[in-house]
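Written out below as structure tokens is the structure these notes cover.
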Amino acid sequence: MNEIIEQLLDYLRGIWRNRWQALACAWLLCLVGWLVVYRLPDQYEAKAQVYVDTQSVLRPLLQGLTVNVNPDAQIGLVARTLLSRPNLEKIARMTDLDLQARDPEALDALMTTLQKKIKLTGAGRENLYGVSYEDRDPQLAKKVVQALVTVFAENLLGDTRQDTDVAQRFLDRQISEYETRLGEAENRVKEFKRKNVGLMPAEGQNYYTRMQQSLTELGVAKLELAQAENRRNSLLQQIGGEQPTFGIGPQPGATGGGSVALPIDARIQSMEQKLDELLLKYTERHPDVSIMRQTIADLKRQREQDLTQYQASMARVASESGGFGPQGVDANPVYQQLKIALAQEEANVAALQTKVETLDRQFKELQDQVNTIPQVEAELAALNRDYEINRKKYEELIARRESARLSQQADQTNQDVRFKITDPPRVPSEPSGPNRPLLTSLVLVAGLGAGLAVAFLIAQLWPTFDSRRSLMRVTQIPVFGSVSAILSPAARRRERWHLIGYFALGSCLLLAYVGLLAIEIIGFTLPF
12 MNEIIEQLLD YLRGIWRNRW QALACAWLLC LVGWLVVYRL PDQYEAKAQV YVDTQSVLRP
72 LLQGLTVNVN PDAQIGLVAR TLLSRPNLEK IARMTDLDLQ ARDPEALDAL MTTLQKKIKL
132 TGAGRENLYG VSYEDRDPQL AKKVVQALVT VFAENLLGDT RQDTDVAQRF LDRQISEYET
192 RLGEAENRVK EFKRKNVGLM PAEGQNYYTR MQQSLTELGV AKLELAQAEN RRNSLLQQIG
252 GEQPTFGIGP QPGATGGGSV ALPIDARIQS MEQKLDELLL KYTERHPDVS IMRQTIADLK
312 RQREQDLTQY QASMARVASE SGGFGPQGVD ANPVYQQLKI ALAQEEANVA ALQTKVETLD
372 RQFKELQDQV NTIPQVEAEL AALNRDYEIN RKKYEELIAR RESARLSQQA DQTNQDVRFK
432 ITDPPRVPSE PSGPNRPLLT SLVLVAGLGA GLAVAFLIAQ LWPTFDSRRS LMRVTQIPVF
492 GSVSAILSPA ARRRERWHLI GYFALGSCLL LAYVGLLAIE IIGFTLPF
């Protein structure tokens, strides 16, 4: 530690020995530096502040109807691209700065200078933006700032409309293309249906659904035919047990109800068939089965009453006429009713047979087309799918074009983004630079530092031993003692005057620095 301190002291002694050289170097550098600082041309900074209002009344009202554009993001993008090369070239043309560039290299240098000297600041959420430009010509500085504000406004208000126009033209081209595709798809479907008449599936049904439906209809028709044949056979049996005319003889029992058919018998038989069908589906305890049984029982009681009335009527007729003959009662009415019912059932059976034959033929035709119809249905489904895709895309493009049109109309009202110049650019009356007090201080610091460096360098180039330790460290020879120098009174006076002169010159340097600061503060212009 002692060696380090001793080394530092040696350095300080060396600098002190060369103090005059250090002071001379400081004076020289300060004079030159201060002269350069005060000969720098004045710089004038023109500023402007603009406010971009994005609070629009139309935006919430048109929510979902127009293209949603984030105005804040758009403003940020315009601000970031304000210093792009095309915008800088536009600013140069607006301010006639491009006339100074005689070749592409000079134009590139001009663009670089503009990009460095133009400053754009933002105020965050308030959407306040400041633009500034510094130049030795105050009029030029104002022109550049005015051009910046103009370009900023044009880009902000014009980009949205230009983008909307481009989008609308693109949508028009796409709509025309999809309209052509849609027409072609419609023609393909129409031509396919024309070529495959009779093989087209019903709406919502494919081949296997149609085949299953045909099989079901055929089964139902066969069941109805069987039921009609059963009813016809039953009527034939009943007719076989009846006589065309009344054959009641003198025996009173000849009109017994065992072989007499009444009109109510057909209803009873129909109800019993329905009961059989219900029993195939449900159990004996089902409500429908119970109701059907009760209905049949009521009909049978009604038949007994009708039969009693019928027998009483026959007995009365027999007692009044004394028998039956050509001049007696005419044909049996029950027999006539059964014949009419039989004729109806015969017609019903014939119609059902025709229906069964038709359905059976259709089912066989479907079976024969087991390979053709599914292929036709698959091709038709592919054509319909292509048509639906084109139709949906076409309708979507139509809706988007309408949204773009509404957006363009909303933009034309200038209600979405409003541009206001809160602080217009003006010609600055006072220079904004250079910062001469700061530069003067830096020159002083640099001069003093350079002087110390010169003194230290001289001390290292022409070293002097200031102590026994330094001599021993360098020569590696023991030093037994040292003799101090004894100055005469005249030498002491000279040394004292040297110190006074040294500090006087140093003080003059500081006074010169203070004087320059005072001149700059009061605004006095130096003649040089």
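Remember, our numbering sits 11 above the position in the sequence shown when you count from 1. The beta-carbon is built from N, C-alpha and C at its ideal position, and this holds for glycine as well. All values reported here derive from a predicted model rather than from experimental measurement.
For residue i, three-class secondary structure by DSSP
| i | result |
| --- | --- |
| Q487 | coil |
| I259 | Since pLDDT at I259 reaches only 48, below the 50 mark, its modelled position is unreliable, and the value read off the structure follows with that caveat. Three-state result, I259: coil. |
| S225 | helix |
| V438 | coil |
| P337 | Only weak support is given to the placement of P337: the predicted model assigns it a pLDDT of 41, under 50, and the value that follows is read from those uncertain coordinates. Here P337 sits in coil by DSSP. |
| D107 | coil |
| S443 | coil |
| E283 | helix |
| Y62 | strand |
| E356 | helix |
| T433 | strand |
| D146 | strand |
| Y22 | helix |
| A470 | helix |
| A453 | Here residue 453 is Leu; the residue named in the question, Ala, does not match the sequence. Three-state result, L453: helix. |
| Y140 | strand |
| T124 | helix |
| A308 | helix |
| Y293 | coil |
| A57 | strand |
| T161 | helix |
| T369 | helix |
| L131 | strand |
CB of residue i within 8 Å of CB of residue j, strictly
| i | j | result |
| --- | --- | --- |
| Y189 | N401 | yes |
| I26 | F514 | no |
| K404 | V61 | no |
| A354 | A277 | no |
| I250 | K350 | yes |
| M303 | K292 | no |
| I186 | L417 | no |
| R504 | Y49 | no |
| F181 | L391 | no |
| L93 | L131 | yes |
| A178 | A410 | no |
| D434 | A59 | yes |
Cβ neighbours of residue i in the same chain (closer than 8 Å, five flanking residues each side left out)
| i | result |
| --- | --- |
| A232 | L363, K366, V367, L370 |
| Q280 | R242, S245 |
| I275 | L310, Q313, R314, D317 |
| W31 | Y513 |
| R147 | P52, D53, Q54, Y55 |
Same chain, Cβ closer than 7 Å to residue i, five either side skipped, listed in chain order
| i | result |
| --- | --- |
| K101 | V162 |
| K548 | What is shown of the chain runs 12 to 539, which leaves residue 548 out entirely. |
| P445 | L51, Q54 |
| G540 | Nothing about residue 540 can be reported from this structure: the residues present for the chain run from 12 to 539 only. |
| Q471 | none |
| Y524 | T451, L455 |
Cut-off 6 Å between Cβ atoms - residues of its own chain near residue i, not counting five sequence neighbours on either side
| i | result |
| --- | --- |
| A159 | For the sequence presented, residue 159 should be read as Leu rather than Ala. Cβ neighbours of L159 beyond the five flanking positions: V142. |
| Q157 | P436 |
| M545 | The question about residue 545 has no answer, for the chain in this structure spans 12 to 539. |
| A125 | It is worth fixing the name first, because residue 125 is Leu in this sequence and not Ala. Cβ within range, chain order: L99. |
| R28 | none |
| C36 | A461, G462, V465 |
| D397 | A196 |
| E235 | L363 |
| A112 | L118, L121 |
| I15 | none |
| G133 | Y140 |
When the options are compared against residue i, the one with the closest alpha-carbon
| i | options | result |
| --- | --- | --- |
| R372 | R296, L229, R192 | L229 |
| S440 | K130, V61, E145 | E145 |
| L151 | I129, A323, L167, G133 | I129 |
| L450 | C41, I16, I15 | C41 |
| N395 | E195, A164, L94 | E195 |
| L521 | I15, N13, W38, R205 | W38 |
| L463 | L23, S187, R184, R221 | L23 |
| E56 | R28, P442, T475 | P442 |
| A237 | I16, E357, A392 | E357 |
| Q347 | R205, L247, D119 | L247 |
| A361 | D21, Q487, A239 | A239 |
| N138 | D114, K127, T123, L167 | L167 |
| L20 | A502, G517, T475, I488 | T475 |
Closer than 7 Å: residue i CB and nearest the ligand SAH heavy atom
| i | result |
| --- | --- |
| L459 | With respect to the ligand SAH, the structure offers nothing, as it holds no ligand at all. |
Test: residue i CB closer than 8 Å to a CB of chain D
| i | result |
| --- | --- |
| L99 | Among the protein chains of the structure shown there is no chain D, as only one such chain exists. |
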